[in-house]
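Participant: Chains A and B, in that order, give the protein sequences. First residue of the first sequence? That's 2 in our numbering, and the numbers climb one at a time after it. First residue of the second sequence? That's 2 in our numbering, and the numbers climb one at a time after it. The C-beta atom is built at its ideal place from N, Cα and C for all residues, glycine as well. Input: one structure, supplied below.
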Amino acid sequence: MADELVKLTIDGREVEVPRGTKVIEAVRDMGSDVPHYCWHPGLTVAGNCRICMVEVDMGRGRQTVISCNLDCSPGMQVFTQSDPAKQARQDVMELLLINHPLDCPICDQAGECKLQEYSFEFGADGSRFEFPKVHKPKHVDFSEHVKFDAERCILCTRCVRFCDEIAGEDELSIVNRGDRNEIAVARGGEMTNAYQLNTVDICPVGALTSTDFRFKSRVWFLKQTRSVCGSCSRGCNTTVGTRWNKVLRMVPAENDDVNQWWMCDAGRLAFKHTAADERLGAPMVRKDGKLVEASWDEALSAAVEGLEAAGDGLFALVSARLTNEELFLARGILDKVGTQHVDFKPRTWPKDDLLRTGDGNPNAAGARFFGIAPGDGAHGLEALAESGLKAAFLCGEDLDERPDDLAALEAMDFVLCTGFHETETMRRCASVVLPGVTEFEKDGSFTNIDGRMQRIQPSLSAPGSARPDWKLLGQLLARLGGGEAPRSADQVLKSMGATHPELEGLSLGRLGPLGKSLPQGESPVTEGENTVTAGENTVTEGENTVTEGASA
Amino acid sequence: MSYVKVSRRELTLAEKLYLPSILAGLKNTMSHLLRRGDNEITTMQYPEEKWDLPSYYRGVPVLVKDEDEREKCVACSLCEFVCPPRAISIIPKQIEGVVEKAPEVFDIDMLRCIFCGYCEEVCPEQAIFMSKEYEICGQTREELVYPMDKLYELGKTLGTDGGVKDAPKKWETLAREQGQQGLASDQDA
Ligand code: SF4
Ligand code: SF4
Ligand code: SF4
Ligand code: SF4
């Protein structure tokens, strides 16, 4: 794209934009907006909904045109709020609503529906159309995750373009003619792409809805919290919708440098597993071979005693699903105990060219940064069974699917487990269990595959007396003689600067809503696994697609 | 801090004595006591006798069904949203038929309800109405959270008057239109 600038006037204000910018983008850059359904910054221009009408004067008198497909040109005058422009939009609204079922009371989109919003803003107050509405199929399953209502669809083709351009599977299209037009899955099959729930997000109306969220709650009751997906090392930004202290849905939040507008279906539905697990609500200590509930004080004392007794003979498995703050505290504990046998458990996740990285640990980069890896000549996870070590610390991790390692743990004298749900490992091997929380219940930060630190925020309250992991680790560290226990995750992050100069001056607030990439060369990612390099390639590809889309 | 100083009016001697007011009160009581005649009943044999309530009276909010005994409420939750003391709680469910949604749970906490009538006003389906029911009693708090069954039961006290059942047969019209256009209608007969 040439850097050449063109000068034009929008609503009486002179602006300069790069050549090739569409009028709708120029208006948005100014901080205002033109109503639009089919235009999406991440997709190619279709120009079919006609609601983005503005009045334009290019020296030959004023005309109403769509602003999403009109390049800015020098000397152009744009009027977004003139009467003809408003009238044109109102007329388009009237046409769109001719066959619309007005299902709002039942429709899951109500509350975040553009049709509702624009109707309220500038629609007419009634319909002049006297004939019966055309009826089309309702609640059609496009797949296990997506439901389609043809009557509500305004045929903007956002979903069609998303599947084709972003998900890379051209599986939706428009069938039939005239007012019988509707969206259908190609060849009568099901949607199969791994990103299909994004079509639900971008559908401006309630035509595509999520089967999982269907009728769970009206959206205006949801408490919306910005956070980060904990399913893979991409760290897609999310908005978590909660009610009744339950996560009801997770949708992507826009972040140009990470996930743009998208996230994968598996990641967005992962909260269901977290919710389904049997949660731990109180600390437990093994007495006479049985785990029994104990007070925090008793459990922490038992934990500290065991850790101190183990000394350099302690094997520590620290989860790379913990936040940076927690990893830092865990590292502090291990340094105090004086062990080198430290590792984290690798986790796999599907991998593709769009977002999914193949690494199912959301904070693997953070774990490497804080040195969660075996020291020289020490035993890592792979060598656990033969190590002959007599004590272990499973920090937010389990070994349920590794029978050999479980047997090795069972033979040990002391095993300390932390985690948010009861695992086989705890039941069989733990001497002390300290209940932590899920990523939906704590504050902190993850470092993603590109070395970007991003904040996670709590949206739920924890069950029973479970404590955020940063809190329980901080208390363990304090009892091991590591000073005062921290009062917040933020305080932990602020204190890191003393030992990690590249984190100097950082706080959770300073990470901002979009996270912060640490300056080049100071990135906490140490070249460790090939997933890192592969991942970087995919980001670039992803960005290309989006840039093309936005400018085509 | 800014404040407004309000000056109080000096009371007159008669007001200070209170006697005139007391006498006025006694006079009123006496006039009721001595009143006679058929249309001048001053006491009522409650609960055998009940008040004849005006049409605008706002008692317990109740739920109603349409002529075909179909639930009118579609669990849109607008009443839950608008209710000032948050007396209503609804959990929606999916159902088969032309209408896709209905309430699974619909509770109104009568200890919270302030009988404002907003729920009736906001309802897009004309499914909730203010009844004339005012006898709300129970011995526990739980008893006074009226569940859906009870609200439908109370809805029957409205009878067919009050415009409750005059609402257009919306879903029937819809099913007929769909039938005419050759679309499979999944409405239960
Ligand atoms: S798509 Fe929008 S306007 Fe249409 S029924 Fe749903 S909420 Fe209402
Ligand atoms: S289903 Fe939604 S996104 Fe797809 S064409 Fe219809 S309105 Fe647009
Ligand atoms: S009458 Fe008012 S307070 Fe009572 S349930 Fe309805 S909206 Fe709530
Ligand atoms: S407003 Fe009416 S339709 Fe909506 S939930 Fe309340 S009673 Fe049901």
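Taking a Cβ distance cut-off of 8 Å, strictly less, list which residues of the region 82-104 of chain B are near chain A, in chain order.
Facilitator: So the list reads Phe82, Pro93, Lys94, Gln95, Val100, Glu101 and Lys102, given in the order they occur along the chain.
Participant: Does the region 59-76 of chain B come within contact of the region 132-139 of chain B, defined as at least 3 CB pairs closer than 8 Å?
Facilitator: Yes, since at least three Cβ pairs between the region 59-76 of chain B and the region 132-139 of chain B fall closer than 8 Å, the two stretches touch.
Participant: So for glycine 242 of chain A, helix, strand or coil by DSSP?
Facilitator: For the purposes of this step, residue 242 of chain A is taken as the residue at position 241 of the first sequence. DSSP places glycine 242 of chain A in strand when its eight states are reduced to three.
Participant: Counting C-beta neighbours from all protein chains within 10 Å, is the total for threonine 324 of chain A 16 or more, i.e. buried, or is it exposed?
Facilitator: What you label residue 324 of chain A is simply residue 323 of the first sequence in a count that begins at 1. Buried, because 16 or more other Cβ atoms sit within 10 Å of the Cβ of threonine 324 of chain A.
Participant: Answer with yes or no whether the minimum CB distance from glutamate 523 of chain A to chain B is below 8 Å.
Facilitator: Here residue 523 of chain A corresponds to residue number 522 of the first sequence, with the count starting at 1. Bear in mind that a pLDDT of 44 at glutamate 523 of chain A, under 50, signals an unreliable position, so the model cannot answer this.
Participant: I need the straight-line Cα distance from tyrosine 19 of chain B to glycine 26 of chain B, nearest angstrom please.
Facilitator: In the second sequence, the residue the question calls residue 19 of chain B occupies position 18. In the second sequence, the residue the question calls residue 26 of chain B occupies position 25. Straight-line Cα distance between these residues: approximately 11 Å.
Participant: How far does the beta strand (DSSP E) with glutamine 78 of chain A in it extend, from its first residue to its last?
Facilitator: Within the first sequence, the letter at position 77 stands for residue 78 of chain A. Its beta strand (DSSP E) spans residues 78-80.
Participant: Contact defined as beta carbons within less than 8 Å: I believe methionine 31 of chain A pairs with valine 55 of chain A. What is the distance between those atoms, to the nearest angstrom?
Facilitator: To locate residue 31 of chain A, count along the first sequence from 1; it is residue 30. To locate residue 55 of chain A, count along the first sequence from 1; it is residue 54. Wrong, their Cβ atoms sit about 13 Å apart, outside the cutoff.
Participant: Quick one: list the residues of chain A neighbouring glutamate 122 of chain B, beta-carbon separation under 9 Å, in chain order.
Facilitator: Numbered from its first residue, the second sequence carries residue 122 of chain B at position 121. Correct list: empty, because the minimum Cβ distance to chain A is about 15 Å.
Participant: Between which residues of its own chain and glutamate 49 of chain B is the CB-CB distance below 8 Å, once the five residues before and five after are set aside?
Facilitator: As a working note, residue 49 of chain B is residue 48 in the second sequence. Closer than 8 Å at Cβ, skipping near neighbours: no residue.
Participant: Counting only C-beta atoms, is glutamate 178 of chain B closer than 8 Å to chain A at any point?
Facilitator: Position 177 of the second sequence, counting from 1, holds the residue named residue 178 of chain B. By this cut-off, glutamate 178 of chain B is an interface position.
Participant: Of the residues A/Asp12, A/Asp72, A/Thr81 and A/Pro19, which one's Cα is nearest the Cα of proline 36 of chain A?
Facilitator: Translated into positions along the first sequence, residue 36 of chain A becomes position 35. Per the Cα distances, A/Thr81.
Participant: Can you give me the Cβ contacts of glutamate 72 of chain B inside the same chain, cut-off strictly under 7 Å, excluding the 5 residues immediately before and after it?
Facilitator: Numbered from 1 along the second sequence, position 71 holds the residue referred to as residue 72 of chain B. Excluding residues within five positions, the ones whose Cβ falls inside 7 Å are Lys66 and Ala103.
Participant: Who does lysine 148 of chain A pair with in a DSSP beta bridge?
Facilitator: In the first sequence, counting from the first residue as 1, residue 148 of chain A sits at position 147. Answer by DSSP bridge pairing, in chain order: A/Asp142 and A/Thr210.
Participant: Kindly indicate which three-state DSSP category serine 462 of chain A falls into: helix, strand or coil?
Facilitator: Start at 1 with the first residue of the first sequence, and residue 462 of chain A comes out as number 461. Note: serine 462 of chain A maps to coil in three-state DSSP.
Participant: At least one CB of chain A closer than 8 Å to the CB of cysteine 80 of chain B: is that the case?
Facilitator: Here the question's residue 80 of chain B lines up with position 79 in the second sequence. For cysteine 80 of chain B, the answer is no, since every Cβ of chain A falls outside 8 Å of its Cβ.
Participant: Indicate the three-state DSSP secondary structure (helix, strand or coil) for glycine 164 of chain B in the structure shown.
Facilitator: Reading the second sequence from its first residue, position 163 is the one you call residue 164 of chain B. For glycine 164 of chain B, the predicted structure reports a pLDDT of 47, less than 50, and the residue's modelled location is therefore unreliable. A value from the coordinates is still provided. In this structure, glycine 164 of chain B counts as coil in the three-state DSSP scheme.
Participant: Pull up the DSSP beta-bridge partners for isoleucine 109 of chain B, would you.
Facilitator: What you label residue 109 of chain B is simply residue 108 of the second sequence in a count that begins at 1. In the DSSP output, where bridge partners are listed per residue, isoleucine 109 of chain B has B/Ile89 and B/Tyr147.
Participant: For valine 146 of chain B, would you say it is in contact with chain A, using Cβ-to-Cβ distances shorter than 8 Å as the test?
Facilitator: Start at 1 with the first residue of the second sequence, and residue 146 of chain B comes out as number 145. No, its Cβ sits nowhere closer than 8 Å to a Cβ of chain A.
Participant: For a minimum of 4 consecutive residues, which ranges assigned as the alpha helix (DSSP H) are wholly contained in the region 468-500 of chain A?
Facilitator: With a minimum length of 4 residues, the continuous alpha helix (DSSP H) runs that stay inside the region 468-500 of chain A are 470-480 and 490-496.
Participant: So which residues touch the region around ligand 1, with touch meaning a C-beta under 5 Å from any heavy atom?
Facilitator: Result (chain order): A/Asp104, A/Cys105, A/Cys108, A/Gln110, A/Ala111, A/Cys114, A/Leu116, A/Gln117, A/Arg153, A/Val206 and A/Gly207.
Participant: When the cut-off is 8 Å and only beta carbons count, does histidine 146 of chain A lie next to chain B?
Facilitator: Along the first sequence, read from residue 1 onward, the residue named residue 146 of chain A stands at position 145. No, no contact with chain B.
Participant: Taking 8 Å as the threshold (C-beta atoms), are phenylalanine 316 of chain A and leucine 400 of chain A in contact?
Facilitator: Taking the first residue of the first sequence as 1, we reach residue 400 of chain A at position 399. Taking the first residue of the first sequence as 1, we reach residue 316 of chain A at position 315. Not a contact, by the Cβ cut-off of 8 Å.
Participant: Buried or exposed, going by whether 16 or more other CB atoms sit within 10 Å of the CB of proline 363 of chain A?
Facilitator: Position 362 of the first sequence, counted from the first residue, corresponds to residue 363 of chain A. Buried is the call here.
Participant: So if DSSP puts leucine 64 of chain B in a beta bridge, which residue, or which two residues, is it bridged to?
Facilitator: Position 63 of the second sequence holds residue 64 of chain B. The partner list for leucine 64 of chain B (beta bridge, DSSP) reads B/Ile129.
Participant: Using C-beta distances below 8 Å, list every residue in its chain close to glutamate 279 of chain A, excluding the 5 sequence neighbours before and after it, in chain order.
Facilitator: Working through the first sequence from its first residue, we reach residue 279 of chain A at position 278. Counting only Cβ-Cβ distances below 8 Å, and skipping sequence neighbours, we find His422 and Glu423.
Participant: Could you tell me which chain B residues have their CB closer than 7 Å to the CB of lysine 273 of chain A, listed as they occur along the chain?
Facilitator: By one-based count along the first sequence, residue 273 of chain A stands at place 272. In chain order: nothing, as chain B lies at least about 18 Å away.
Participant: For proline 86 of chain B, verify whether its CB is less than 7 Å away from any heavy atom of ligand 3.
Facilitator: Taking the first residue of the second sequence as position 1, residue 86 of chain B is located at position 85. Yes, Cβ of proline 86 of chain B sits closer than 7 Å to a heavy atom of ligand 3.
Participant: Distance check for cysteine 80 of chain B and methionine 131 of chain B, CA to CA, integer angstroms please.
Facilitator: As a working note, residue 131 of chain B is residue 130 in the second sequence. As a working note, residue 80 of chain B is residue 79 in the second sequence. Approximately 12 Å, taken between the alpha carbons.
Participant: For isoleucine 373 of chain A, which residues in the same chain have their Cβ closer than 8 Å to its Cβ, ignoring the five residues on either side in sequence?
Facilitator: Counting from one through the first sequence, the residue named residue 373 of chain A turns up at place 372. For isoleucine 373 of chain A, where only same-chain residues beyond five positions count, the Cβ hits under 8 Å are Val319, Ala321, Leu328, Ala331, Arg332, Val343, Asp344 and Phe345.
Participant: Following the continuous beta strand (DSSP E) through alanine 317 of chain A, name the residue where it begins and the one where it ends.
Facilitator: Taking the first residue of the first sequence as 1, we reach residue 317 of chain A at position 316. It spans 315-319 - the beta strand (DSSP E) in which alanine 317 of chain A sits, taken as one unbroken run.
Participant: Taking only beta-carbon atoms, is valine 106 of chain B less than 8 Å away from chain A?
Facilitator: Taking the first residue of the second sequence as position 1, residue 106 of chain B is located at position 105. No, because no Cβ of chain A sits closer than 8 Å to the Cβ of valine 106 of chain B.
Participant: What residue from A/Asp414, A/Cys154 and A/Arg429 has the CA that sits closest to asparagine 182 of chain A's CA?
Facilitator: Counting from one through the first sequence, the residue named residue 182 of chain A turns up at place 181. Of A/Asp414, A/Cys154 and A/Arg429, the residue nearest in Cα terms is A/Cys154.
Participant: Anything in chain B within Cβ reach of arginine 215 of chain A, meaning under 8 Å, just list it in chain order.
Facilitator: For the purposes of this step, residue 215 of chain A is identified with residue 214 of the first sequence, where counting begins at 1. What arginine 215 of chain A touches in chain B: Gln95.
Participant: Tell me whether the beta-carbon of proline 133 of chain A lies closer than 8 Å to the beta-carbon of alanine 267 of chain A.
Facilitator: Taking the first sequence and counting its residues from 1, the one referred to as residue 133 of chain A is at position 132. Taking the first sequence and counting its residues from 1, the one referred to as residue 267 of chain A is at position 266. No. Outside cutoff.
Participant: Threonine 200 of chain A: beta carbon under 7 Å from a heavy atom of ligand 2?
Facilitator: If you number the first sequence from 1, residue 200 of chain A lands on position 199. Within the cutoff, so yes.
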